[in-house]
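Undergrad: Once you've had a glance at the structure underneath, I'll fire off some questions.
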Amino acid sequence: MGTIGSWGLHTQVQPRFGARAIVERSRVSLLWDRCGVYGDADEQWLTDIDTVIPSFIERLSKLFQQGELLSDQDKLVTLQQGEWVCLANPKASYGYLYLDVYRQECSSVQATKI
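Per my numbering, residue 349 is the first one in the sequence shown, and the count goes up by one each step.
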C-alpha cells in the first residue's frame, strides 16, 4: 500500500503502523479510523504491535503532561522499546499527533531513547 491516503508520518519503513492521534488535556488517544498498518505484516507482527502501542501512547501522554511535548510544536520525538521504534510529531497541529511505529530491524534508522 502506498502512502497516499495513509496516516502517520509516512516513513518509508514497512511494515509500519501509522496514525493521527488526538491530544486532549495532555492525553494522547488513538482513533481507530485514523490509523492503519502499511506494508506486509504477518500475524506475529500484528500481535506484537498490539502489545507495544499502548505503552508508546502512555509514554507520549507523559511527555505532553510534563510539557516536554506541546501540540503547537513541530518536534520529532523518537521512543524505543526493545526492537520497536515510535516516531511522533505534533506538526504544530494544535491537537493532533502523527506517529509511526515499526520494528528497528526493518530499517537503518537509528533511534534515540527518551
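A virtual CB, placed ideally from N, CA and C, is assigned to each residue, including glycine.
So, helix, strand or coil for Leu447, using DSSP?
TA: Numbered from its first residue, the sequence shown carries residue 447 at position 99. Strand at Leu447.
Undergrad: Let me know the secondary structure DSSP gives Thr395 once reduced to three states.
TA: Your numbering for residue 395 matches position 47 in the sequence shown. It is helical.
Undergrad: In the DSSP assignment, what residue or residues form a beta bridge with Thr426?
TA: Within the sequence shown, numbered from 1, the residue matching residue 426 stands at position 78. Thr426 pairs with Leu435.
Undergrad: Got a sec, what are the start and stop residues for the beta strand (DSSP E) Val361 sits in?
TA: If you number the sequence shown from 1, residue 361 lands on position 13. Val361 -> no beta strand (DSSP E), and no H or E assigned at all.
Undergrad: Quick one: grab the DSSP three-state call for Arg373.
TA: Taking the sequence shown and counting its residues from 1, the one referred to as residue 373 is at position 25. Secondary structure of Arg373 (DSSP, three-state): coil.
Undergrad: Give a yes or no on whether the C-beta atoms belonging to Pro363 and Gly387 are separated by under 7 Å.
TA: The count along the sequence shown starts at 1 and reaches residue 363 at position 15. The count along the sequence shown starts at 1 and reaches residue 387 at position 39. Cβ atoms of Pro363 and Gly387: closer than 7 Å.
Undergrad: Use the C-beta contact count for Arg373: other C-beta atoms within 10 angstroms, 16 or more gives buried, fewer gives exposed.
TA: Residue mapping note: residue 373 aligns to position 25 of the sequence shown, counting from 1. It counts as exposed.
Undergrad: Excluding sequence positions up to five away, which residues of its chain have a Cβ less than 7 Å from the Cβ of Ile405?
TA: Taking the first residue of the sequence shown as 1, we reach residue 405 at position 57. Cβ within range, chain order: Val376 and Leu378.
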